[in-house]
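Here's the structure we're looking at; comments come further down.
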Amino acid sequence: MTDRVNPASDALGGKLLGGKLVAGDERSEAGEPRAGKRMHRLPPLNLFRVFDAAARHGSFTTAADELCVTQSAVSQQIRQLEDLLDVRLFRRLPRRVELTREGNSLASAVSESLSLLARACDRIADPKAPAVLCVNALPSIASRWLVPRLKRFMQLNPQVKVTLLASSDPVDFDRQDIDVAIRWGRGPWPDVHAEPLGRDRFFPVCSPTLLREGPAILRPHDLSRHTLLQAANSSLWAAWFSAAGVGSISFEETLFFNDAGVMLDAAVQGQGIALASHLLVEHDLKTGRLVRPFEAAISTEDGFHVLTSPAFSEKPVVAEFRRWIRQEAAMAF
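Heads up: the sequence shown at position 263 corresponds to 263 in the UniProt record's numbering, and the numbers run straight through without jumps.
Below is the structure:
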């Protein structure tokens, strides 16, 4: 035979013991009611601020003066904290208040916690403290253009600690913990402050070994005897051949890539001819890893852009990085 549960007590989540309703989570393992309440949530932080002031001064009136509130407001908030914790924190004496044993125990913990928070806030607000800058860039420009230059930025700004993330995911400054993003396109990017890095140029590149040892490349039409390294969803080769005065031609082989950096790595290894952004191959051209078989180049409406949140684009460390990267791009072009 099963026990019948009083509907009223069941609706409240407890049982009747000796005519008194006891909450289900306030019973001991032996079935007896537990003393006190079980806290599931931290009381509001402001209650601890009021409690700390009252504990330090031993007076609700003096605490009220410090907090710029009324003595009644302090008394009510202390009572609210006592109700939430189900303990007496102060003994109310005729001209002062005095901490109880429980109050003393809480006062030291609250004082230490508030001091820790204050020191953390001071460190964050200190203009001399190290600043952290998170830059999220496309893998291609991150590895081939930005990394060789970042050391220069850090030397100019030793107080800034840079974190570089390589990603092609959509940018959402409200959801992602990033300060600056570098993306390819022409925009517009909704709710984003966007600045072009400059008008980029595209031209064919290959490894010096392929140029020296492969089928001769004397005129643009000779490129057809080599493997074409092609960025997926790009029609720039057709535009370049048109600018070079060559009609449509067929290549022996074509390799497609979804990442420009990987495509250029293939070109460095002598796998074929790639049509490259000047920004992405500037370092490779200077070091001789890649060469330009022809000087003809084209420009496009698309380009690399520096994206920042409109709300934080003028934050000192972000504004300094924007200024620096624009200057670096200007020197590259």
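In this text, a Cβ means the ideal position worked out from N, Cα and C, and glycines have one as well.
All values derive from a computational prediction rather than experimental measurement.
>> Which residue wins for smallest C-alpha separation from Val192, given the options Thr308, Cys134 and Leu84?
In response: Of the listed residues, the one whose Cα sits closest to Val192 is Thr308.
> What first and last residue would you give for the beta strand (DSSP E) that runs through Val306?
Replying inline: That run of the beta strand (DSSP E) goes Gly303 to Thr308.
> Per DSSP, Arg201 is paired with what?
Replying inline: Answer is Ser299, bridged to Arg201.
>> Whole angstroms are fine: how far does the CA of Leu99 sit from the CA of Ala109?
In response: Ala109 and Leu99 have their C-alpha atoms some 14 Å from each other.
> Would you report the Cα separation of Arg326 and Arg201, rounded to the nearest angstrom?
Replying inline: Their backbone Cα atoms lie some 16 Å apart in a straight line.
> With DSSP run on the structure shown, which of helix, strand or coil describes Trp189?
Replying inline: DSSP, reduced to helix, strand and coil, places Trp189 outside both helices and strands of the structure shown, so it counts as coil.
> In angstroms, rounded to a whole number, what distance separates the CA positions of Gly247 and Ala297?
Replying inline: Between Gly247 and Ala297, the C-alpha separation is close to 16 Å.
> Do Pro148 and Phe294 have their C-beta atoms within less than 8 Å of each other?
Replying inline: With respect to the 8 Å criterion, Pro148 and Phe294 are not classified as neighbours on the basis of their beta carbons.
>> Strictly by DSSP, which residues pair up with Ile182?
In response: According to DSSP, Ile182 bridges with Ala137 and Val306.
> Straight-line CA distance for His278 to Ser250?
Replying inline: Cα to Cα, His278 sits roughly 25 Å from Ser250.
>> Tell me the rounded alpha-carbon separation between Pro44 and Val306.
In response: Taking the straight line joining both Cα atoms gives about 41 Å.
> Around the Cβ of Asp284, are there at least 16 other Cβ atoms within 10 angstroms (buried) or fewer (exposed)?
Replying inline: Label assigned to Asp284: buried.
> Where do the N-terminal and C-terminal ends of the beta strand (DSSP E) with Glu98 fall, by residue?
Replying inline: Val97 to Leu99 is the extent of the beta strand (DSSP E) around Glu98.
>> Suppose you measure from the CA of Leu81 to the CA of Asp122; what does that come to, to the nearest Å?
In response: Straight-line measurement puts the Cα of Asp122 at about 28 Å from the Cα of Leu81.
> What is the residue span of the alpha helix (DSSP H) that Gln80 lies within?
Replying inline: The continuous alpha helix (DSSP H) containing Gln80 extends over residues Gln71 to Leu85.
> Identify the residues that DSSP records as bridge partners of Pro43: which are they?
Replying inline: Answer is none; Pro43 lacks a bridge partner.
>> I want to know whether the stretch 253 to 266 touches the stretch 89 to 103 - three or more CB-CB distances under 8 Å.
In response: Two segments are said to touch when three or more pairs of C-beta atoms, one from each, lie closer than 8 Å; by this definition the stretch 253 to 266 does not touch the stretch 89 to 103.
> Closest by CA to Gly272, which one among Ser313, Pro316, Trp240 and Leu223?
Replying inline: Ranking the options by Cα distance to Gly272, first place goes to Leu223.
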